[in-house]
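Going down the list, the protein sequences come from chains F and B. Quick note on the numbering used here: the first sequence kicks off at 186 and runs consecutively. Quick note on the numbering used here: the second sequence kicks off at 26 and runs consecutively. Cβ atoms here follow ideal geometry from the backbone N, Cα and C, with glycine treated the same way.
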Amino acid sequence: MAEGPVRTGKLRGNLPPLDLYVPEPRYRPGDTVDYTHLEIPEPGLLARPDEACEAQETWPLTLDMVRVLGDDDQAVGPWNPGLDPETLRRMLSTMALTRAFDDRMYRGQRQGKTSFYMKCTGEEAISIACAHALAADDMVFPSYRQQGVLIARGYPLVEMVNQIYSNRADPLKGRQLPIMYSAKDYGFFSISGNLATQFPQAVGWAMASAIKGDTRIATSFVGEGSSAEGDFHAAMTFAAVYNAPVVLNVVNNQWAISSFSGFAGAERTTFAARAAGYGIAGLRVDGNDILAVYAAMEWAANRARAGKGPTLIEHFTYRAEGHSTSDDPSAYRSAREAEDWPLGDPIMRLKKHLIALGEWSEEQHAAMDRDLAEQVKAATKEAEKNGILGHGLHHPFHTMFEDVFEELPWHLQEQADQAIRERQTKWPEWKE
Amino acid sequence: MIEENPVSLHDAPSRSMNMIEAINDALDIMMARDPDVVIMGEDVGYFGGVFRATAGLQKKFGKNRVFDTPINECGIIGAAVGMAAYGLRPVPEIQFADYIYPGLDQLVSEAARLRYRSAGEFVAPITVRSPFGGGIFGGQTHSQSPEALFTHVAGLKTVIPATPHDAKGLLIAAIEDNDPVIFFEPKRIYNGPFDGYYDRPSRPWKGLPGSQVPEGYYKIPLGKARVVREGAALTVVTYGTMVHVAEAVLAEKGVDAEIIDLRSLVPLDIDTVEKSVEKTGKCLVIHEATRTSGFGAELVTLVQERCFYHLEAPVERVTGFDTPYPHSLEWAYFPGPVRIGEAVDRLMKD
Chain F
186 MAEGPVRTGK LRGNLPPLDL YVPEPRYRPG DTVDYTHLEI PEPGLLARPD
236 EACEAQETWP LTLDMVRVLG DDDQAVGPWN PGLDPETLRR MLSTMALTRA
286 FDDRMYRGQR QGKTSFYMKC TGEEAISIAC AHALAADDMV FPSYRQQGVL
336 IARGYPLVEM VNQIYSNRAD PLKGRQLPIM YSAKDYGFFS ISGNLATQFP
386 QAVGWAMASA IKGDTRIATS FVGEGSSAEG DFHAAMTFAA VYNAPVVLNV
436 VNNQWAISSF SGFAGAERTT FAARAAGYGI AGLRVDGNDI LAVYAAMEWA
486 ANRARAGKGP TLIEHFTYRA EGHSTSDDPS AYRSAREAED WPLGDPIMRL
536 KKHLIALGEW SEEQHAAMDR DLAEQVKAAT KEAEKNGILG HGLHHPFHTM
586 FEDVFEELPW HLQEQADQAI RERQTKWPEW KE
Chain B
26 MIEENPVSLH DAPSRSMNMI EAINDALDIM MARDPDVVIM GEDVGYFGGV
76 FRATAGLQKK FGKNRVFDTP INECGIIGAA VGMAAYGLRP VPEIQFADYI
126 YPGLDQLVSE AARLRYRSAG EFVAPITVRS PFGGGIFGGQ THSQSPEALF
176 THVAGLKTVI PATPHDAKGL LIAAIEDNDP VIFFEPKRIY NGPFDGYYDR
226 PSRPWKGLPG SQVPEGYYKI PLGKARVVRE GAALTVVTYG TMVHVAEAVL
276 AEKGVDAEII DLRSLVPLDI DTVEKSVEKT GKCLVIHEAT RTSGFGAELV
326 TLVQERCFYH LEAPVERVTG FDTPYPHSLE WAYFPGPVRI GEAVDRLMKD
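Following this line, the structure appears as structure tokens:
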């Protein structure tokens, strides 16, 4: 027998067949929920490293959880930011306002006033604490669930509603899906529906700030689900390579539409632990504890401003409602999950803390809720004067063709002319 | 040769450059004029780029403004979008057009849409430079011409120079433009024009008319084509490397063709094309990129829509084949003199 070419490799034996592992969440609709597997440390136990520390000093924290507010409603430990009662009350009312706004806009969508809405119920602490911990002109590159940042920074509610209704006063001229706000004057980047694209952009903004010798920093948010995107790796790599003054946040709310966090790798390790692979600082916080979130954001912001580079923060929380108005979570997860969530509700926790401090009361809280509901109602009434989606009051027709380029090229001018001709047939009663 | 750029008509001192030198000169001038211009990309810093387009710029302007990047095109374009949001004017280099795809989402969904979706609050005045096209034995991953992917995207401009003179003026215009621009550099003609005959000695740019580059700042407006040669018998619409191939083939065939170098595909100078076809009654569209859904399809359609009653023959297109760019059979793929010659013969037979 002629000798064949020499090949290396073991001889094929009697090997077992391979089997693809596909993650499955613990609970499905109708299941009872048991959260004893979650390791939730007592508040106040974790040390707070110096903001200028070596990145690796933070890595044990990425496998743990920074918590400040305990079950006894007291704020404890080295991460307690020691905020004055006035600031605490402001954060409380901003969270409550965000929830009231969400509730009203959700109903507005159900009443046919717009096409779409996304609530952030249960996650209010994250964006609102971040907005308070940052400087007012630090730049935020949000995902679609950081409406709390805009509200905390004082963006007018009526402008938000105008955007949601895509009406004639919509600052984005009716071009964007509801809630995809853009507010440059409030340091709030235009929201994209393409997930995680904002992460490397925030790093680029932070690099630009460093190039220019500015003092402002950038921050960005992604969900745990979209941390699986290549953009996440791009952002982390660039942030690490250029020591960018940026705070990168993963809001781990457990669910990406119907896909549980296991599909982004949560069964293996925490999202914060990814920081170690890039050699940057990382923190993992109780995302329903507004004091812990504030402390983590403040720590990371100070670190970035001191030229010590980026931090990755995982905010451990729970998406208490559907992904959006187009989603029905009862079709894929147990309703008990939200009810039994062991980290509670961020508004209730801060409220109880303020009451425990003697700085707040149930009566004050109820009165505040009534005021906020009125405030939201007034904003929606005001916005409705400018129209609701599909009822004829929107931006002038020709604005559809503007801003594709700075100047209108001939081919778009021709298409605009056609659209106007079509309008005369389709909607002869049209008035601008 | 008709030169429409007024700068060349006055007496600005000029010198002969190849296309790399002209691009380097444009970058140098813009870096000096505008402190917001930054250059980033793989190997563009200390080394000066694999094609040397950014040579010397880091040394001159510092590491803060000219720097190497990780090998991550998504990150390069994504960071550039963020820098633009800050107020900078980034000029990222993608080392080969074939490598641009990991950055596609950031270009298509972000850079191109930012002005529209934010109603003008945020803009992305980014110029993405990238060598493209074949003819250098680059195989299928260093030879592609993906311009049609970008001309299809609302909000992107696509610019392709064919001479050192134009490369400098167009690049300056692209950097100053407030919209994102894809600037594809035909790498086969970096060092000299190419007549399509791969087996003939290559010619350097030195001394040739298109290589005479004025000193200092000048712009060639985007959306203004160049009539390379006036003629009455046939209109040839093309860009990049194929401008030179077309020139050589038609000269050899002795056809009195009007050759139009588009310079930019979006915005497109349709007036120059229309006027020419109305005069000649015949039109040949040439590009190196693959055929199906190529930019040639757009050009042929526009000519048919606008010049039908002037046409004396079907509009022809000559393109690369719908295969990946083969390494050993590069010259079988390339739309060279034989393929162009056949189309010219068909058009001129009546």
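Under 7 Å between C-beta atoms of residue i and residue j
i	j	result
I365 (chain B)	V340 (chain B)	no
P38 (chain B)	E210 (chain B)	no
E337 (chain B)	K300 (chain B)	no
L309 (chain B)	A357 (chain B)	no
F384 (chain F)	D204 (chain B)	no
A516 (chain F)	I465 (chain F)	no
I285 (chain B)	V262 (chain B)	yes
T176 (chain B)	F320 (chain B)	yes
T247 (chain F)	A460 (chain F)	yes
F208 (chain B)	V178 (chain B)	no
S519 (chain F)	P214 (chain F)	yes
G492 (chain F)	R353 (chain F)	no
K536 (chain F)	D258 (chain F)	no
P363 (chain F)	Y302 (chain F)	yes
Y340 (chain F)	Y371 (chain F)	yes
T279 (chain F)	I313 (chain F)	yes
G221 (chain B)	A273 (chain B)	yes
A419 (chain F)	M324 (chain F)	no
R360 (chain F)	R140 (chain B)	no
F456 (chain F)	E414 (chain F)	no
Beta-bridge partners of residue i, as assigned by DSSP
i	result
V251 (chain F)	F:V470
F374 (chain F)	Answer is none; F374 (chain F) lacks a bridge partner.
R154 (chain B)	B:E118 and B:F208
W440 (chain F)	F:F445
D286 (chain B)	B:R251 and B:T263
A260 (chain F)	F:L254
Assigned secondary structure, residue i (DSSP; H/G/I helix, E/B strand, else coil)
i	result
H317 (chain F)	helix
H579 (chain F)	coil
I311 (chain B)	strand
L200 (chain F)	coil
N487 (chain F)	helix
L597 (chain F)	helix
V2 (chain B)	Because chain B spans 26 through 375 in this model, residue 2 (chain B) falls outside it and cannot be assessed.
S33 (chain B)	Below a pLDDT of 50, predicted positions are generally treated as unreliable, and S33 (chain B), at 49, falls in that range; the measurement from the model is reported next regardless. The answer is helix: DSSP assigns S33 (chain B) an H, G or I state.
D519 (chain F)	Per the sequence presented here, residue 519 (chain F) reads as Ser, with Asp not at that position. The answer is coil: DSSP assigns S519 (chain F) none of H, G, I, E or B.
M236 (chain F)	First, the residue type needs correcting, since residue 236 (chain F) is Glu and not Met in the sequence shown. E236 (chain F): coil per DSSP, three-state reduction.
G361 (chain B)	coil
L433 (chain F)	strand
E591 (chain F)	coil
T496 (chain F)	strand
T404 (chain F)	strand
I27 (chain B)	Here the model assigns I27 (chain B) a pLDDT of 43, short of 50, so the residue's position is not dependable, and the following value carries that caveat. It is coil, neither helix nor strand.
R12 (chain B)	Nothing in the structure corresponds to residue 12 (chain B), since chain B is present only between 26 and 375.
F456 (chain F)	coil
Nearest to residue i (by Cα), restricted to the options the options
i	options	result
P210 (chain F)	F:S367, F:A441 and F:V478	F:A441
P430 (chain F)	F:L497, F:P201 and F:E242	F:L497
R274 (chain F)	F:E308, F:H317 and F:H580	F:H317
A109 (chain B)	B:A144, B:T152 and B:T326	B:T152
R371 (chain B)	B:Q237, B:R140, B:A258 and B:A199	B:A258
G307 (chain F)	F:E587, F:T502 and F:T610	F:T502
V435 (chain F)	F:R521, F:R330 and F:N428	F:R330
V343 (chain F)	F:Y366, F:S328 and F:M324	F:Y366
E172 (chain B)	B:S155, B:E146 and B:I54	B:S155
T584 (chain F)	F:E567, F:H576 and F:I605	F:I605
L354 (chain B)	B:V133, B:F162, B:G73 and B:V63	B:F162
V302 (chain B)	B:K278, B:A322, B:V291 and B:E330	B:E330
D556 (chain F)	F:V251, F:A281 and F:G229	F:A281
D281 (chain B)	B:Y264, B:V253 and B:M56	B:V253
Let me know the alpha helix (DSSP H) ranges lying completely inside the stretch 167-246 of chain B, each 4 residues or longer, listed in chain order. 172-176 and 189-201
Segments assigned alpha helix (DSSP H), at least 4 residues, entirely inside the stretch 122-150 of chain B: 139-142
Inside the stretch 46-115 of chain B only - beta strand (DSSP E) runs reaching at least 3 residues: Whole beta strand (DSSP E) segments, 3+ residues: 62-66 and 91-93.
Please give the ranges of any alpha helix (DSSP H) in the stretch 530-587 of chain F, keeping only runs that are unbroken, at least 4 residues long and fully inside the region. If we require 4 residues or more, the alpha helix (DSSP H) runs fully inside the stretch 530-587 of chain F come out as 531-541 and 547-569.
Residue ranges of each alpha helix (DSSP H) within the stretch 295-342 of chain F, 4 or longer: 309-318 and 332-337
Contiguous beta strand (DSSP E) assignments of at least 3 residues, all confined to the stretch 292-351 of chain B: 308-311 and 341-343
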